[in-house]
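Numbering of the sequence shown is given in the UniProt record's numbering, commencing with residue 1 and proceeding in unit increments. Beneath this line is the structure, given in structure tokens, with notes to follow.
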Amino acid sequence: ARERKMSDKQKVERRERNREHAKRSRIRKKFLLESLQQSVSLLKEENEKLRNSIRSHLPEEAEELLKAENLAEAANAAGAAAGGLIANSSSDANKVLDDPDFSFIKALQTAQQNFVVTDPSLPDNPIVYATQGFLNLTGYTLDQVLGRNCRFLQGPETDPKAVEKIRRAIEDGTDMSVCLLNYRVDGTTFWNQFFIAALRDAAGNITNYVGVQCKVSDQYAANVCRRQEEAERAEAEAQQQQQAGRRRQERRRRRG
């Protein structure tokens, strides 16, 4: 009876392993077939915001931004010709920005090689799939990341406000992007333009999250973080004004 009991237990364990393997296979297929296009759309949308921001906030610096090291490196990674990236004037820079083949778009599309897939149905929303690009970027091995929450990329200098934005996006099931400082396995740091998107089934239920990592230069990160801080201040001021308005309305109501 004991041998039969052990045999039954082994069968159950084998079925559980098969289910887990099948689940991971479905996750990979689902991501490859459905979510890559969502990621590309998200990256293109973010790129459009960046282009508009350059035009509106940094018109005189657009040329220098196009010459930034991270764009040149990304252009090479995407197989773009370096000669087609550098502009000779601000007007030429705007033309490059408007080019649908602009290498920055290609660079962001290439960045989807660095991604992980997490499973929110499991405790602590662990990583269930990681690309080789992600492993190369962070220095971790696959065994070191599977089953862990992505917070191991954070460190002493990681902005808690950026981490909070990611946490809220996961709780709300919304897509978002944020630039934050991450840590490799050896303790060295890199600036990460991080994108996160929820993957849903046909019924609209969230089945997984995909996190895309894009290593950017210090200059790029400084510009993005400054805009993030400006947006946060503007939001805080707007909230203060709303609260002050409600207090004034309440005082008038009491007088009346």
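The beta-carbon is built from N, C-alpha and C at its ideal position, and this holds for glycine as well.
In angstroms, rounded to a whole number, what distance separates the CA positions of Arg-17 and Asp-143? Their backbone Cα atoms lie some 17 Å apart in a straight line.
Rounded straight-line distance, which links the Cα of Arg-254 to that of Cys-150: Approximately 51 Å, taken between the alpha carbons.
From Asn-192 to Gln-249, what distance separates their C-alpha atoms? Distance from the CA of Asn-192 to the CA of Gln-249, rounded to the nearest whole angstrom, comes to 44 Å.
How long is the line joining the alpha carbons of Thr-189 and Ala-203, rounded to whole angstroms? As the crow flies, the alpha-carbon of Thr-189 is around 40 Å from that of Ala-203.
Is Gly-211 helix, strand or coil when you go by DSSP? DSSP places Gly-211 within a strand segment (E or B) once states are collapsed to three.
For Ala-162 and Val-216, the rounded distance between their alpha carbons: Using only the alpha carbons, I get a separation of about 16 Å.
Using DSSP with H/G/I as helix, E/B as strand and the rest coil, what is Gln-243? Under the three-state reduction of DSSP output, Gln-243 falls in the helix class.
Keeping to the same chain, check which residues put their C-beta closer than 7 Å to that of Lys-9; ignore five residues upstream and five downstream. In its own chain, leaving out the 5 sequence neighbours on each side, no residue places its CB closer than 7 Å to the CB of Lys-9.
Bridge partner(s) assigned by DSSP for Val-178: In DSSP, Val-178 forms a bridge with Phe-194.
Classify Val-117 as helix, strand or coil using the three-state DSSP reduction. Val-117: strand per DSSP, three-state reduction.
Measure the Cβ-Cβ separation of Asp-175 and Ile-206 and say whether it is below 9 Å. No, they are not a contact pair.
Taking the alpha carbon of Val-178 as the point to measure from, which residue in Glu-164, Glu-171, Gln-239, Val-185 has its own alpha carbon closest? Nearest of Glu-164, Glu-171, Gln-239, Val-185 to Val-178, Cα basis: Glu-164.
Closest by CA to Gln-132, which one among Phe-115, Asp-124, Asn-125, Ala-169? Nearest C-alpha to Gln-132: Phe-115.
Going by beta carbon distance, what residues of the same chain come within less than 6 Å of Asn-173, once the five residues before and after it are set aside? Looking at the sequence itself, residue 173 is Gly, so the reference to Asn does not match. Hits under 6 Å: Ala-198, Ile-206.
Would you kindly work out how many angstroms separate the C-alpha atoms of Glu-229 and Lys-11, rounded to a whole number? Taking the straight line joining both Cα atoms gives about 55 Å.
Measure the C-alpha to C-alpha separation of Pro-156 and Arg-14 and round it to an integer number of angstroms. Each residue's Cα considered, the two are about 42 Å apart.
Report the three-state DSSP secondary structure of Thr-138 (helix, strand or coil). Assignment of Thr-138 by DSSP, reduced to helix, strand and coil, places it in the helix class.
Output the distance between the C-alpha atoms of Leu-122 and Arg-233, rounded to the nearest integer angstrom. Near 36 Å, if we compare the C-alpha coordinates of Arg-233 and Leu-122.
Contact defined as beta carbons within less than 8 Å: I believe Tyr-183 pairs with Leu-153. What is the distance between those atoms, to the nearest angstrom? About 6 Å separates the CB atoms of Tyr-183 and Leu-153; that is less than 8 Å, so the two are in contact.
Would you mind working out which of Gln-213, Tyr-140, Cys-225, Pro-126 sits nearest Gln-113, comparing C-alpha positions? When each option's Cα is compared against that of Gln-113, the closest is Gln-213.
Just to confirm the assignment, what range does the alpha helix (DSSP H) spanning Val-185 have? Where Val-185 is concerned, there is no enclosing alpha helix (DSSP H), given that its DSSP letter is neither H nor E.
Three-state secondary structure assigned by DSSP to Arg-200: Looking at Arg-200 - three-state DSSP - the assignment turns out to be strand.
Taking the alpha carbon of Asn-125 as the reference point, which residue from Gly-211, Asn-136, Asp-201 has its own alpha carbon closest? Ranking Gly-211, Asn-136, Asp-201 by Cα distance to Asn-125 puts Gly-211 first.
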